[in-house]
Each structure stands twice: as structure tokens, then as C-alpha cells.
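A.B. asks:
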Amino acid sequence: MGEWMNPFAILAASFMGREGCGNDRTSLRPWPAPVAEALERGEFEALHWRTLFRSEASRFGRMDLLSRLGLMAVELLDAGLETMEPAQREAVGVCVETRSGCTAADVQFLQTPLASTFASTLPSTVVGEICIRHRFRGPVMCLLPVFEPGGSLEIARGWLQRGEAGACVCVACDLMDKKFAACTLSPHDAPSGGWQSCAVWIGRRTGASREHPWRRNSLPRLAHSLVARGVNVPNPGA
Amino acid sequence: MQSLTDELKNKIIKALNLDKIAPADIKDDEPLFGTGLGLDSLDALDLVSMLERDYGILIQDMEAARQAFASYRTLEDFVQRNRR
Amino acid sequence: MDPTMTAPRVAIAASGEVTALGLGQERLEQAVLANASGLRDCPRLAGKGYQSTVGGYVPDQVWGSLRERDPAHADAPAFLLADAALREARANLGRSAPNVAPGSPNTRSESCESTLLDAVPASRRGLVLSTTKADITALEGALDHRPNSVTAQRHLFPALLAADLGAAHGIAGPVQCVSTACVSGLLAIQQGALLIQEDKADLVFVVGVDLFSDFVLSGFTMLRSLDPGGCRPFDAERKGLSLGEGAGAIVLARRETLASPALTVKGWGSSNDANHLTGPSRDGSGLALAMNRALQKAGVTPLAIDFVHTHGTGTSYNDAMEGMALRSVFKAQVPPYCSSKGLFGHTLGAAGLLETIVCLLAARHQLLPGTPGLRSPDPSVPDSLLQKPRPAESLRRLLKLNAGFGGVNAALVLEWGSG
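Chains as they are written, first to last, in the numbering used here: chain Y, 1 to 238; chain W, 239 to 322; chain C, 323 to 741.
Structure below.
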């Protein structure tokens with residue numbers, strides 16, 4: 001896979017999906033029953049910041065759902081983001097891949113045409129929201145995978161290898177809600193239904209035991225396997 | 239008949255898509271932008287569109303509008319004075 | 323150590339375009355030389371409450387001829403434009419032979435394709451699509467269950483548009499789809515260059531496309547960022563941008579396979595302002611970061627840059643910010659700079675491609691392009707602003723810039739020459 005990857009590794013991973021959410025330290029924790037039921041009904045508003053986090057995220061309630069998914073996946077990462085120095089943040093690259101794109105936000109804009117809803121009709125809005133919250137100013141990319149998911153891991157590998165970023169966060173988020181479904185002709189033409197969001201943090205190795213070697217793989221599959229493999233610790237709040 | 243205050247507060251909520259906010263949550267003297275209600279510059283644009291559509295007020299200069307939008311009270315005064 | 327320092331150099335082998343100026347390179351070339359504007363009013367859109375209906379519309383007769391040529395895609399406008407640009411680029415590949423003068427009549431024949439394309443098997447050809455909204459015009463039809471063609475509704479999803487374009491152009495190598503607001507084009511060029519440098523492809527088609535749509539027009543009306551009279555980049559009286567539609571395609575190949583002179587991709591950089599979703603950071607520091615990264619990657623200092631092709635949309639904020647970014651990077655020696663948004667409008671996902679093609683034309687003619695739409699330069703922007711075109715003493719290193727919603731910025735360093 002290349003000797004040059006040795007200095008870099010996946011330092012943290014997170015995953016959110018129907019089965020629950022968590023990171024590579026906590027493993028996947030099931031949603032509290034009311035939240036799980038709301039999600040089954042397609043009520044994605046149930047995924048509120050306060051469900052998972054104590055810290056503040058201003059404007060979260062006004063953000064489009066895809067951006068919320070992306071932000072929550074990054075927040076779930078146990079990667080010490082809160083304590084990063086500004087100089088480090090300046091060099092963090094952000095790469096988002098999304099198979100659903102922002103179709104849900106597009107429909108929202110058609111239904112409620114406003115400046116604030118228009119601003120989220122780009123898949124790269126997720127990149128913007130992540131960078132605004134975490135003050136990341138490194139290289140950027142937003143892709144819609146064509147044949148296979150996982151292009152973002154390649155992008156990050158390249159940035160790090162070429163010295164264009166000091167660390168990277170890769171996010172894969174998808175929202176196929178009722179608005180999205182209304183736009184698709186058949187399941188075969190569009191990615192399979194559902195929703196999920198995951199993130200990995202890639203940076204310089206420190207030798208810690210939690211580090212995972214970079215693998216050529218689909219980001220969602222990789223993140224899921226890194227998060228699900230941990231011992232399932234019961235949610236202390238449940 | 240609905241007072242201007244009731245009408246305007248409801249229109250703000252509708253125009254800005256503030257679905258978790260009730261008219262009573264819009265305090266007269268708290269800031270609308272930044273803190274207080276926490277609106278941002280995109281909301282300012284939507285507010286301007288609503289004033290134009292529902293009250294016939296044409297705002298050309300966003301900087302001047304900023305002063306009128308300082309709080310709900312200044313906004314209501316502005317609407318009273320300029321509506322057609 | 324950046325492995326691309328020893329990787330093969332990548333250059334532009336050919337280009338193709340369709341814009342408000344028409345189909346094909348000659349029309350674009352003439353407009354650049356004449357500093358003409360392709361912006362016009364569209365009476366069909368009047369009375370709908372849009373802030374401006376002046377924009378860069380692909381002419382009706384061009385749409386008509388594209389539909390006639392390809393009736394199966396008559397109802398899939400994003401495909402039609404992107405495909406047209408790709409066909410133009412393929413036809414122009416025949417002109418990268420050394421003894422063909424630029425501006426030769428376009429025979430519009432598939433047999434004009436050069437041995438360059440023939441020598442590359444399908445599995446070694448790649449495609450990168452850049453688009454912000456793909457076929458957004460299909461959205462309303464989809465929601466109302468009005469008849470859209472199956473193809474048009476597929477192309478609501480940019481990745482499917484990319485797949486279909488790849489299939490239509492015999493591409494069996496990597497196909498990617500970049501959608502990063504208005505910097506998509508430059509990022510797509512970067513991706514194309516990397517595919518060649520990492521030996522995943524020998525020839526890469528990079529195509530950018532976006533349509534004029536009620537969706538986007540109404541969105542920018544909500545943002546109040548359109549100039550009712552047409553955009554005036556860097557003008558003292560500027561009021562906003564003008565939208566445009568079109569497609570631009572370039573073919574990237576290893577420099578050594580091309581005849582001299584050629585435009586090489588020397589370096590790139592991108593960044594995020596981390597400030598606001600639709601307003602650039604006031605000090606231009608985000609764009610300056612992207613510029614400095616591109617210069618560093620290209621291994622050149624600011625003094626080496628002969629010309630800057632800006633994003634220059636004509637909004638009050640963007641142009642002021644860009645002026646500050648230029649000063650921040652170039653200090654007192656800002657090179658001559660221009661904007662082409664007045665030529666064909668702000669073409670969103672196609673902008674990075676079309677504006678890079680303007681750079682290619684400028685280098686080929688050794689001409690510094692002007693800024694159509696500019697009447698009285700804003701005194702607060704750097705005074706090396708190019709109002710009208712003029713011959714360049716030596717146009718060798720060009721810097722292309724774009725910025726977009728979500729605080730994204732990108733820069734590309736291009737080098738013209740025989741080396």
C-alpha cells in the first residue's frame with residue numbers, strides 16, 4: 001500500500017446510522033427508544049444536537065439536515081478537536097462525500113424559498129458548516145461518488161502525502177428522506193434509501209494503540225467497522 | 239383586529255422559518271441579530287423580502303436597514319413609519 | 323517530500339466550450355479579443371419578480387442545433403451542454419499537432435481526433451465532472467409528476483450525469499464528480515491532473531457545466547446579489563453578479579506527449595474562510611491562503627506571476643475581498659488582473675473550466691484580457707486592473723482564482739511555454 005503512508009494513520013472514527021451512534025472508543029450505542037422510533041418514521045428532526053452533546057452549537061436548529069448529520073459525525077469523533085491550536089486548525093483539510101447530495105435541501109428551498117434555505121442547496125454546505133464550527137482552513141473538497149464510495153479517503157491520503165494538509169477530517173453523509181425519495185424514479189437510479197453519517201480523523205501517527213492503518217476502502221464501511229468492533233458499553237444515560 | 243405587533247411577530251416567524259419560536263419569544267428590546275433571537279445576515283435578507291412583499295417597504299441599503307433591525311421595537315417603529 | 327515534485331507534468335491538450343457567446347472556441351476567442359459581452363436580457367423571465375433577468379444565456383439557435391443533433395437528449399439540457407463541450411474538445415484534440423495554427427476552421431468531424439486519443443485505450447481515459455446543480459430544471463417536474471425524460475430526472479443527480487457522460491465518450495477509466503460550489507471547476511482540474519500524476523489515467527477529460535434555471539435565479543434573488551443591469555466586476559458602481567450557463571471542457575495529458583507550446587498545470591491550492599456560508603471573510607485571508615498554497619506548490623514566488631484571472635463576480639463583497647487578497651499576496655506588485663464574468667456570466671460549476679480556457683486563449687495570443695462590463699474602476703482595488711485587452715510583454719505564468727459559498731477558495735498556477 002506504500003511506505004509513504006507510515007507517518008499517517010486513522011486516529012479516530014465515528015458512525016451514526018439506524019442502529020445507533022458512537023465512535024471507536026465508545027462503540028455503537030443504540031438510540032434511546034423515542035429517538036429510534038422517530039427516526040424509523042423518517043423524522044430526522046429527532047436528531048438534535050442536545051440528544052448527544054452538551055456543548056453549544058449555535059444555529060444548529062436552523063441548519064439543513066445534511067449539514068447537521070455531517071457536523072454531528074465530526075462532533076462524535078474522539079480526536080481532541082476542542083483543544084487544537086489555531087495554527088493546527090489552519091492546516092486541517094476537510095473532505096465530504098455524499099451519495100444523496102443535498103436533494104432534500106433543494107426540495108426544501110422549492111417549498112420555502114428563502115435566502116437561508118437557498119444557502120444550503122449545495123452539498124459543499126456541509127464542508128462550510130464543519131469549517132465554520134471548527135475553524136478549519138485547510139484544503140477542501142466535496143465529491144459525489146460515481147461508482148464506489150470512499151473517494152474521500154484517497155483525497156485525504158493525497159493531501160497528507162503531498163504536504164497540502166497537516167491532518168484531515170473525512171465525512172460521508174447521506175440523507176434519503178421523503179423529500180429525496182420524491183425525486184428519484186427508481187431505487188436503481190439512486191443510492192439505496194436510508195441515512196447515515198460517519199467521519200474519520202486522519203493525522204500523524206503518535207504511536208497510540210487506538211491508531212488504525214489507512215486502508216483502501218469505502219469510508220462508511222471503514223468507519224462502521226472501526227466503531228462497531230469496540231466492546232459495547234451500555235449508555236450511562238439510558 | 240390583530241395589532242401590528244401580533245401581525246408583525248407572526249410574519250417574522252413565518253418569513254424566517256423559525257418553527258420553534260412563538261410570538262411571545264420575540265422580546266421587544268432584545269437584539270434580533272447576533273445574540274437575543276440569534277438571526278444572521280441570511281435572515282436579514284429574508285426579513286427585507288418580507289417587508290417588501292407584505293408592507294410595501296423597499297430597502298435599497300442593507301447597512302441602513304441594520305439600524306432599523308437592532309431590536310423588535312426599532313423594527314416595528316420602522317414598519318409603522320414606512321409602510322404603504 | 324511531495325511526490326508530485328517528481329511526477330510527470332500535466333498540460334492542457336485541447337479545450338471545448340459552449341457559452342452565451344455560442345458554440346466553439348472561435349466565438350469565445352473573438353469575444354475575448356474584442357472584450358465583448360455575451361450578457362443579454364431574457365424577456366421570457368420578465369414579470370416573475372427576479373432581481374435581474376440579464377445573464378449569459380446559451381443562444382436559442384445553439385440549443386436548437388444541439389437538440390437536433392441529439393434528439394435522445396433533447397430533454398436533458400445539462401447533458402447536452404456538457405456533451406457539446408466534450409465533443410468540441412475531442413474535435414480540437416487534432417489541433418495539438420505542431421503545424422496547425424490556432425483558430426483554424428473547425429471541421430466538426432469525429433475523424434479529426436488525433437492519434438493522441440487513439441493511442442490511449444478506454445481504460446486509461448478518465449473523466450471528472452464539475453457541477454453545482456446538474457440538471458436542476460428537472461426538479462420541479464419530478465415533484466409535480468410532470469413528464470421529465472428519464473434521462474433528465476437521472477441527471478438531477480450529478481454522479482449519474484458524470485457516469486452517462488463517461489459512457490457517451492468511451493471512458494472506461496476513473497470517473498469522478500466534484501461539487502464544491504463555485505470552486506468545483508478548479509478542484510476538478512486538480513483531480514484530473516492527479517489522476518495522470520498518480521498513473522491512474524493517461525488522458526483525462528475535465529468538464530464543468532451548469533444551467534440557467536429558475537431555481538438558481540430565484541435563490542440569488544433572495545440573496546439580493548444580482549445586478550439588474552449586468553455585472554460590472556471591480557467597478558465603483560458595481561451592484562452584483564450576473565448568472566450564466568454553459569459548459570467548458572479541457573483534456574489533460576502528460577506534457578511530454580504534446581507539441582509546444584502548451585499550458586501546464588504547475589500548482590494548486592484551496593482553503594476555507596471558516597467565516598460564513600455566503601459571505602467571504604472580509605479581509606480576503608482565506609483566498610490569500612489558497613493563492614499562497616498554489617504558489618508554493620508551483621515552486622514560484624509571487625513575482626513570477628505575470629497575470630491573475632480573478633473570480634471577480636461583481637458583487638460588492640467579493641471584489642473588495644479579492645482586492646485585499648491580491649494585495650496580501652502580491653503586496654505593492656499586484657500583476658495585471660481581469661474578470662471574465664461580464665463575458666459569459668457566472669457559470670458556477672463551469673466557471674473554473676471556462677475561465678481557465680480564457681487563460682489558455684490569453685496565453686496563446688500573448689494577450690492580457692480585459693474585463694467586460696467594467697466602466698469606472700473602483701479606486702480602492704489594486705490599479706493593475708485590466709479594463710481593455712492589451713498585448714502582454716511576456717505571459718508565461720498565470721494564476722487563476724475562484725471562490726464559493728461555504729467559504730471555499732481555490733487557486734491554480736498555470737505555465738505557458740515550450741519547456
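Beta carbons: idealized from backbone N, C-alpha and C, even for Gly.
Only a predicted model underlies this, so the values are computations on that prediction, with no experimental measurement involved.
Any idea which residues DSSP pairs residue 659 (chain C) with across the strands?
C.D. replies: For the purposes of this step, residue 659 (chain C) is taken as the residue at position 337 of the third sequence. Beta-bridge pairing links residue 659 (chain C) to C:630, C:707.
A.B. asks: So what's residue 698 (chain C) in DSSP terms, helix, strand or just coil?
C.D. replies: In the third sequence, residue 698 (chain C) corresponds to position 376, counting from 1. In this structure, residue 698 (chain C) counts as coil in the three-state DSSP scheme.
A.B. asks: Have a look at the DSSP bridge pairing and note the partners of residue 282 (chain C).
C.D. replies: No answer is possible for residue 282 (chain C): the residues shown for chain C start at 323 and end at 741.
A.B. asks: Would you mind reading off the limits of the beta strand (DSSP E) that contains residue 341 (chain C)?
C.D. replies: As a position in the third sequence, residue 341 (chain C) is number 19, starting the count at 1. Counting along the chain, the beta strand (DSSP E) containing residue 341 (chain C) begins and ends at 332-341.
A.B. asks: Following the continuous alpha helix (DSSP H) through residue 21 (chain Y), name the residue where it begins and the one where it ends.
C.D. replies: Working through the first sequence from its first residue, we reach residue 21 (chain Y) at position 21. Here residue 21 (chain Y) belongs to no alpha helix (DSSP H); instead the beta strand (DSSP E) covers 20-23.
A.B. asks: Kindly give me the distance between the Cβ atoms of residue 167 (chain Y) and residue 92 (chain Y), rounded to whole angstroms, as I take these residues to be in contact under 8 angstroms.
C.D. replies: Residue numbering aside, residue 167 (chain Y) sits at position 167 when the first sequence is read from its first letter. Residue numbering aside, residue 92 (chain Y) sits at position 92 when the first sequence is read from its first letter. Confirmed, about 5 angstroms.
A.B. asks: Among Y:182, Y:148, Y:158, which residue has its Cα nearest to the Cα of residue 219 (chain Y)?
C.D. replies: Taking the first residue of the first sequence as 1, we reach residue 219 (chain Y) at position 219. Out of Y:182, Y:148, Y:158, Y:148 has the C-alpha closest to the C-alpha of residue 219 (chain Y).
A.B. asks: What span of residues does the beta strand (DSSP E) with residue 92 (chain Y) cover, start to end?
C.D. replies: Numbered from its first residue, the first sequence carries residue 92 (chain Y) at position 92. Counting along the chain, the beta strand (DSSP E) containing residue 92 (chain Y) begins and ends at 92-97.
A.B. asks: Kindly list the residues whose CB is nearer than 6 angstroms to the CB of residue 539 (chain C), restricted to its own chain and excluding five residues on each side of it in sequence; keep chain order.
C.D. replies: Numbered from its first residue, the third sequence carries residue 539 (chain C) at position 217. Hits under 6 angstroms: 372.
A.B. asks: Compare the C-alpha of residue 47 (chain Y) against each of Y:57, Y:35, Y:55 and name the closest.
C.D. replies: Taking the first residue of the first sequence as position 1, residue 47 (chain Y) is located at position 47. Here the closest residue by C-alpha is Y:35.
A.B. asks: One question on the structure: do residue 196 (chain Y) and residue 18 (chain Y) come within less than 9 angstroms of each other, judged by their Cβ atoms?
C.D. replies: Against the first sequence, residue 196 (chain Y) aligns to sequence position 196. Against the first sequence, residue 18 (chain Y) aligns to sequence position 18. Contact flag set, yes.
A.B. asks: Once the 5 residues before and after residue 286 (chain W) are set aside, which same chain residues still bring their CB inside 8 angstroms of it?
C.D. replies: Taking the first residue of the second sequence as 1, we reach residue 286 (chain W) at position 48. Excluding residues within five positions, the ones whose Cβ falls inside 8 angstroms are 297, 300, 303.
A.B. asks: Taking C-beta pairs closer than 9 angstroms, name the residues in chain C that residue 106 (chain Y) reaches, listed in chain order.
C.D. replies: Residue mapping note: residue 106 (chain Y) aligns to position 106 of the first sequence, counting from 1. Simply 455, 458, 461, 478, 537.
A.B. asks: When the Cβ atoms of the stretch 557-568 of chain C are set against those of the stretch 697-707 of chain C, are three or more pairs found closer than 8 angstroms?
C.D. replies: As far as the Cβ criterion goes, the stretch 557-568 of chain C touches the stretch 697-707 of chain C, which means the pair count is three or higher.
A.B. asks: Does residue 567 (chain C) pass the burial test, meaning 16 or more other C-beta atoms within 10 Å, or should it be called exposed?
C.D. replies: On the third sequence, residue 567 (chain C) is found 245 positions in, with the first residue counted as 1. Buried, because 16 or more other Cβ atoms sit within 10 Å of the Cβ of residue 567 (chain C).
A.B. asks: Please return the same chain residues whose Cβ sits closer than 6 angstroms to the Cβ of residue 742 (chain C), not counting the five positions on each side in sequence.
C.D. replies: No answer is possible for residue 742 (chain C): it lies beyond the span of chain C, which begins at 323 and ends at 741.
A.B. asks: Are the C-beta of residue 51 (chain Y) and some C-beta of chain W separated by less than 9 angstroms?
C.D. replies: Here residue 51 (chain Y) refers to the residue found at position 51 when the first sequence is read from its first residue. Cβ-Cβ to chain W under 9 angstroms: no for residue 51 (chain Y).
A.B. asks: Check residue 366 (chain C) in the structure and name its three-state DSSP category.
C.D. replies: Taking the third sequence and counting its residues from 1, one reaches residue 366 (chain C) at position 44. Of the three classes helix, strand and coil, the one that applies to residue 366 (chain C) here is helix, per DSSP.
A.B. asks: Which residue from C:515, C:708, C:587 puts its Cα closest to that of residue 311 (chain C)?
C.D. replies: Nothing about residue 311 (chain C) can be read from this structure; chain C reaches only from 323 to 741.
A.B. asks: Can you tell me whether residue 688 (chain C) is buried or exposed, with buried defined as 16 or more other CB within 10 angstroms of its CB?
C.D. replies: Taking the third sequence and counting its residues from 1, the one referred to as residue 688 (chain C) is at position 366. Under this definition residue 688 (chain C) is an exposed residue.
A.B. asks: Run through the DSSP bridge pairs and tell me what residue 200 (chain Y) is partnered with.
C.D. replies: On the first sequence, position 200 is the one that residue 200 (chain Y) refers to. Answer is Y:13, Y:170, bridged to residue 200 (chain Y).
A.B. asks: Should residue 140 (chain Y) be labelled buried (16 or more other beta-carbon atoms within 10 Å of its own) or exposed?
C.D. replies: Sequence index remark: in the first sequence, residue 140 (chain Y) carries index 140 (1-based). It is buried - the Cβ of residue 140 (chain Y) has at least 16 other Cβ atoms within 10 Å.
A.B. asks: Pairs of beta-carbons, one from the stretch 446-461 of chain C and one from the stretch 518-535 of chain C, closer than 8 angstroms: are there three or more?
C.D. replies: Because the criterion of three Cβ pairs below 8 angstroms is met, the stretch 446-461 of chain C and the stretch 518-535 of chain C touch.
A.B. asks: Tell me the DSSP bridge mates of residue 501 (chain C)?
C.D. replies: Numbered from 1 along the third sequence, position 179 holds the residue referred to as residue 501 (chain C). Partner(s): none; residue 501 (chain C) has no beta bridge.
A.B. asks: Using only the alpha-carbon positions, how far apart do residue 146 (chain Y) and residue 497 (chain C) sit?
C.D. replies: For the purposes of this step, residue 146 (chain Y) is taken as the residue at position 146 of the first sequence. For the purposes of this step, residue 497 (chain C) is taken as the residue at position 175 of the third sequence. If you take the alpha carbons of residue 146 (chain Y) and residue 497 (chain C), they lie about 7 angstroms apart.
A.B. asks: Which same chain residues end up closer than 6 angstroms to residue 499 (chain C) when comparing Cβ atoms and leaving out the 5 residues on each side of it in sequence?
C.D. replies: Stepping through the third sequence from its first residue, residue 499 (chain C) is reached at position 177. Here the set comprises 451, 480, 481, 484.
A.B. asks: Per DSSP, what kind of secondary structure is residue 452 (chain C) in: helix, strand or coil?
C.D. replies: Numbered from 1 along the third sequence, position 130 holds the residue referred to as residue 452 (chain C). The answer is strand: DSSP assigns residue 452 (chain C) an E or B state.
A.B. asks: Output the distance between the C-alpha atoms of residue 582 (chain C) and residue 438 (chain C), rounded to the nearest integer angstrom.
C.D. replies: Taking the first residue of the third sequence as 1, we reach residue 582 (chain C) at position 260. Taking the first residue of the third sequence as 1, we reach residue 438 (chain C) at position 116. Cα to Cα, residue 582 (chain C) sits roughly 15 angstroms from residue 438 (chain C).
A.B. asks: Verify whether the separation of the beta carbon atoms of residue 551 (chain C) and residue 735 (chain C) is less than 9 angstroms.
C.D. replies: Position 229 of the third sequence holds residue 551 (chain C). Position 413 of the third sequence holds residue 735 (chain C). Their beta carbons are not under 9 angstroms apart, which means residue 551 (chain C) does not touch residue 735 (chain C) by this criterion.
A.B. asks: Write down every uninterrupted run of the beta strand (DSSP E) in the stretch 40-126 of chain Y whose length is 3 residues or greater and which is fully enclosed by it, in chain order.
C.D. replies: Here the runs fully enclosed are 92-97.
A.B. asks: Helix, strand or coil for residue 534 (chain C) per DSSP?
C.D. replies: To locate residue 534 (chain C), count along the third sequence from 1; it is residue 212. Coil.
A.B. asks: Name, please, each residue of chain W whose Cβ falls closer than 9 angstroms to the Cβ of residue 112 (chain Y).
C.D. replies: Within the first sequence, numbered from 1, the residue matching residue 112 (chain Y) stands at position 112. What residue 112 (chain Y) touches in chain W: 255.
A.B. asks: Return the residues of the stretch 700-733 of chain C that lie within a Cβ-Cβ distance of less than 7 angstroms from chain Y, sorted by chain order.
C.D. replies: Listed in sequence order: 727, 728, 729, 730.
A.B. asks: Considering residue 576 (chain C), what are the terminal residues of the beta strand (DSSP E) in which it resides?
C.D. replies: Here residue 576 (chain C) corresponds to residue number 254 of the third sequence, with the count starting at 1. Segment 568-576, the beta strand (DSSP E) holding residue 576 (chain C).
A.B. asks: So is residue 461 (chain C) buried or exposed if we call it buried at 16+ other beta carbons inside 10 Å?
C.D. replies: The residue given as residue 461 (chain C) occupies position 139 in the third sequence. With 16 or more other Cβ atoms within 10 Å, it is buried.
A.B. asks: Does the beta-carbon distance from residue 16 (chain Y) to residue 76 (chain Y) come in below 9 angstroms?
C.D. replies: Translated into positions along the first sequence, residue 16 (chain Y) becomes position 16. Translated into positions along the first sequence, residue 76 (chain Y) becomes position 76. The answer is yes: Cβ separation under 9 angstroms.
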